[in-house]
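Q:
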Amino acid sequence: MRRFLLIAIPFGWLLALFLVPFFIVVKISLSDVAVSIPPYVPQFSWETGIGTFLRDLDFENFVFLTTDSLYWKSYVGSLVIAVISTFLTLLIGYPIAYGMARAPEEWRATLMMLIILPFWTSFLIRIYAWMGILSREGLLNQFLMWTGVISEPLTILNTNYAVYIGIIYAYLPFMVLPIYSALDRMDTSLIEAAEDLGCSRLTAFWLVTVPLSRNGIIAGCFLVFIPALGEFVIPSLLGGSGTLMIGKVLWEEFSSNRDWPLASAVAVVLLLILVVPIVLFQRNQQKQQEAEQ
Amino acid sequence: MAVKVFAPWDNPDEKPLIRFENVTKKFGDFVAIDNLTLDIFEREFFALLGPSGCGKTTMMRLLAGFEAPTSGKIELGGQNIVPVPPNKRAVNMMFQSYALFPHLTVWENIAFGLKREGMEKDKLNARVEQMLKLTRLERFAKRKPHQISGGQRQRVALARSLAKAPKLLLLDEPLGALDKKLREATQFELMDIQEKTGTTFVIVTHDQEEAMTVASRVAVMDEGQIIQVATPDRIYETPNSVYVADFIGDVNIVEGKAAPLEENQVRIDWAEGQPPLVCTATQPFDPGQTCYLAIRPEKVMITAERPEGADNAVQGKIHDIAYLGNISTYHVQLSNGTIIKAQSANTRRIARRSFTWEDPVWLSWTATAGVLLAR
Amino acid sequence: MNRLSWFNAVSLTLGFAFLYIPMIILVTYSFNESKLVTVWAGFSTKWYGELMGNEAFLSAAWTTLKVAVASSTMATVLGTMAAYILVRAGRFPGRTLFSGMIYAPLVMPEVITGLSLLLLFIGVGLDRGVTTIVLAHTTFTMCYVSVVVSSRLATFDQSLEEAALDLGCSRAEAFRLVTLPIIAPAVISGWLLAFTLSLDDLVIASFTTGPSATTLPIKIFSAVRLGVSPEINALSTIMIGIVTVGVITASLITKQNMVRQRRDEQAAARTQ
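Chains as they are written, first to last, in this note's numbering: chain A, 1 to 293; chain B, 1001 to 1375; chain C, 2001 to 2272.
#1: Kindly indicate the opening and closing residues of the beta strand (DSSP E) around B:Glu1255.
#2: Please check if any C-beta of chain C sits within less than 7 Å of the C-beta of B:Pro1086.
#3: Output the boundary residues of the alpha helix (DSSP H) element that contains A:Thr110.
#4: Using a Cβ-Cβ distance cut-off of 7 Å, determine whether C:Ser2116 contacts chain A.
#5: What residue range does the beta strand (DSSP E) around B:Ile1226 cover?
#6: My assumption, with CB atoms under 8 Å, is that C:Ile2220 sits in contact with C:Leu2235. Please give the rounded CB distance.
#7: Pairs of beta-carbons, one from the segment 1268-1280 of chain B and one from the segment 1299-1316 of chain B, closer than 8 Å: are there three or more?
#8: Using a Cβ-Cβ cutoff of less than 8 Å, which residues in the same chain neighbour A:Glu195 once the five nearest sequence positions on both sides are dropped?
#9: Using a C-beta to C-beta distance shorter than 7 Å, which residues of chain C count as neighbours of A:Glu137?
#10: Starting from the Cα of A:Ala8, find the closest Cα among C:Ser2159, C:Phe2098 and C:Ser2059 and give me that residue.
#11: Throw me the rounded Cβ distance for the C:Glu2161 and C:Val2178 pair, which I believe falls under 8 Å.
#12: Are the C-beta atoms of B:Gly1113 and some chain C residue less than 7 Å apart?
#13: Less than 7 Å separating the beta-carbons of A:Thr89 and A:Tyr171?
#14: Is it buried or exposed for B:Asn1252, if we count other Cβ within 10 angstroms and need 16 for buried?
#15: Do you know offhand how far B:Pro1041's Cα is from B:Val1091's?
#16: Can you pull the chain A neighbours of C:Leu2078, defined as C-beta to C-beta under 8 Å?
#17: Which residues of chain B have a Cβ atom closer than 9 Å to the Cβ of C:Asp2200, listed in chain order?
#18: At 8 Å on the CB atoms, spell out the chain A contacts of C:Tyr2029, in chain order.
#19: Distance check for A:Asp187 and C:Met2001, CA to CA, integer angstroms please.
#20: Counting only beta-carbon atoms, is C:Phe2092 nearer than 7 Å to chain A?
#21: C:Asn2008 CB to nearest chain A CB: under 7 Å?
#22: Which residues mark the beginning and the end of the alpha helix (DSSP H) in which B:Arg1127 is found?
#23: By how many angstroms is the C-alpha of C:Gly2015 removed from the C-alpha of C:Asn2008?
#24: When you compare only the Cα positions, how much space is there between A:Leu223 and B:Arg1061?
#25: Threshold first: 4 residues or longer. Then list the alpha helix (DSSP H) segments lying entirely within the segment 240-269 of chain A, N to C.
#26: When DSSP labels each residue in this structure, what does B:Trp1357 get in the three-state scheme?
#27: Could you tell me the alpha carbon to alpha carbon distance between B:Ala1245 and B:Pro1360, rounded to whole angstroms?
#28: Can you tell me which of the three DSSP states B:Trp1107 falls into?
#29: If distances are taken between C-alpha atoms only, which option among B:Asp1013, B:Ala1374 and B:Ile1302 comes closest to B:Gly1288?
#30: Report the neighbours of B:Lys1164 on chain C: residues whose CB is nearer than 9 Å to its CB, in chain order.
#31: What are the residues of the segment 147-176 of chain A that lie near chain C, defined by any Cβ-Cβ distance shorter than 9 Å?
#32: Can you name the start and end residues of the beta strand (DSSP E) that B:Lys1025 belongs to?
#33: Does DSSP put C:Trp2006 in a helix, a strand or coil?
#34: With distance defined between alpha-carbon atoms, name the residue in B:His1206, B:Ile1268, B:Asp1286 and B:Glu1298 nearest to B:Pro1051.
#35: Of the residues C:Thr2209, C:Lys2046 and C:Arg2091, which one's Cα is nearest the Cα of C:His2137?
#36: Less than 7 Å separating the beta-carbons of B:Phe1045 and B:Ala1281?
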């Protein structure tokens, strides 16, 4: 009985506040927009019965998503931005993780703390910090003009470049930590063995270090890619009107246009796109866990 | 003066403290305990001995109540304890990892079970002090488990499990985490404490020397079954199977065909060109039955000349010598390639020892030195 | 091995510069005299003064704090229960679904979580406000708590619980007297994580709140959409300051404990 209660409470909570809402989204995505409260039809009622209710549901919203270029461009835009920024984060994050793993033992705890610290500070504030740096009269332009690299201020804020910088900045710790933990576990005598067997430093790195940190790289990439795909704050603060990302579109569809059925359809499709990387990520994690046992 | 020997297992009127009756325990398809029946008596120091995976730990967990048998009955003092949950059993356990609560001091660890019982304060204090004294831990009462050494932790675990004065104490590899020297000292300490408290101890171990040292009786287990239950000397001297003979100590096993002679004597024909062996058997053998002669190396004499009047004598040459300090083991190869081990005490200094590699020697033993086994 | 090669030194320096320079600039300009955040016009703390006089910010901060305390506490209880179930309860019907529901919110885009909860609250006719934000935050943060706690439980020596049962505890007593004190650090970090996530959350709160409740991130977001302002810099500086002090204190305590533990163990080995 006790055991039943112990399981039932968190189980019930998640069913009611995670699974049921998700099905509501699916259901509403099949409804039509209407001028009422709540602003969609059909509403389920016992008088008309479930038959009529089901008959009124259709895939109209999904069809609309494919016909209006705004939507599919946003999906593609999100994917492109997420892929590029994940790759850039890996390029920047790997040397940092490598440097941390090869740093003297007594520094590592501090370096680790320095990587984690930004994670505890507000996401919003960290993105906001870049607004003052990237604007036309911002500090980056001031600095570059002062050094004489450029004579005219660059437009960075409100472009996709700013979005890349924002994503890299915000998710860098997610890339560094798994790679660091993979590299930290690696036996350094393996490199020595490789060099002893005739590898140069670079080939030893390429043939030994990189394959052994593969799981860390994969985990880091997914940890950046998945949230970047549905990102809302970064494109709306740093991106411009040309930045099409699906999180932002969903938000606008919902709050400005109040088209709930369409917003729900956008959400359902976004989730379908995310299922693939999420499943791949889970499988990678599982494989790693099994390997450790 | 007649000394009363502690041997309740030989007394048919004695009621056992623990009785396993046709107990079977399965984990899925895996049979951990296979239709096992066993009696353990009060005040015994009983050892379950076997390789890992033989089911000895499962036996212990069945007694503690962490596992329930798939079928069969387990009695404690005549009462079926299968439906009794672990916290209601008069059985305590000393865990292999010691399982000391890291957030409590030594004193609090020992008092833990007594507090659960609701023992009143004065009595509880006195009991904890008594246990600390018994295990010589008075000085460490206020320390946390990570602040004491491995040997001290072992004693805390013992004190904690003895504090509630259980009818039965289970010890799961209690000395496994200690180094060899400390382990030997602790073995005698355990026996001492067992005697002082009069508690029945059941110990699980894979270390045959440990089982032989501490236990009043030893059960040798393999694949969920008990192969032999007997006192340590009987297990060693009269094993009932090749498995037991081989598991306990060093042994030579010679396989042959039996040819019964008169008065329990059996002739063993075992190899072309080798003289047949003679052994006094404790069980009947049919003519031509496959049999195994088990003979301990220390019961084999090694001499340069053929000894006069020996029941069994074979010739070979020394293939290898293992010098162990107090004794030496000679591996002697016979002409058919068989290797027989013989042991002799090094009562003389090494320079005066007589045998060296490749020396031709004679091995001999009496008809009663070995045990003839059917399996 | 114990000396940094120039390559590692350069990559660490650049990496940490990238991570910290924006925040240092943010903090510096909160002390700027000028309204223009990009031009330095002398030191001043006047923006902090203005911030303290800003009723809207203060009440939003208060709401955020209430939401964070309530939701992280509930999330810690539920998340610890969930972790215990995942690690200890063995098989039960719906186990796969359950563990899926624990891990899915971790990777679910906030916009979807927010939207779906909003539609639920409207569906059941719940007035949107502090209550709905608390429910929403509890739901997504309990999953983080359960991940933190279950990773601790997985390495927990189960014989400690068995020893407690063996010494006369019921299951509930064994949990309260043995398991909980030992996993307490993980439970506390779970709470802190939930608290921070709740303080930080903009998207889910925006979806699930009504006109009656505005949290600090919502307030900040609507302010910064209009552009950079020194008042927000001041507010950010305060928040960064609190977090920095908190994280450094926590890591110092952890380090001290580790040093003490190691010293004790060495001393214990000598008394053998």
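Positions of the beta carbon are idealized from the N, C-alpha and C atoms, including for glycine.
A: Put simply:
#1: Asn1252 to Pro1260
#2: yes
#3: Glu105 to Trp120
#4: yes
#5: Gln1225 to Ala1230 is the span of the beta strand (DSSP E), which, as asked, contains B:Ile1226.
#6: The pair is a contact, with the Cβ atoms about 7 Å apart (cut-off 8 Å).
#7: yes
#8: Arg201 and Ala204
#9: Neighbours of A:Glu137 across chain C, judged by C-beta separation under 7 Å: Thr2038.
#10: For the residues C:Ser2159, C:Phe2098 and C:Ser2059, the minimum Cα distance to A:Ala8 belongs to C:Phe2098.
#11: 6 Å
#12: yes
#13: yes
#14: buried
#15: According to the sequence displayed, residue 1041 of chain B carries Phe and not Pro. Approximately 14 Å, taken between the alpha carbons.
#16: Ile9, Pro10 and Trp13
#17: Neighbours of C:Asp2200 on chain B: none; closest Cβ ~32 Å, over 9 Å.
#18: By Cβ distance, chain A contributes Gly132.
#19: Residue confidence is low: C:Met2001 scores 43 on pLDDT, short of 50, so the model does not pin down where it sits. Its coordinate-derived value is still stated next. Cα-Cα distance, rounded: 12 Å.
#20: Yes, C:Phe2092 lies at the interface with chain A (some Cβ there is under 7 Å from its Cβ).
#21: yes
#22: Lys1121 to Leu1134
#23: 10 Å
#24: A:Leu223 and B:Arg1061 have their C-alpha atoms roughly 43 Å apart.
#25: 246-255
#26: coil
#27: 28 Å
#28: helix
#29: B:Gly1288 has its Cα closest to that of B:Ala1374, out of B:Asp1013, B:Ala1374 and B:Ile1302.
#30: Leu2167 and Gly2168
#31: Those would be Ile168, Tyr169, Leu172, Pro173 and Val176, in chain order.
#32: For B:Lys1025, the enclosing beta strand (DSSP E) has its first and last residue at Ile1018 to Phe1027.
#33: helix
#34: Cα-wise, what sits closest to B:Pro1051 is B:His1206.
#35: C:Thr2209
#36: no
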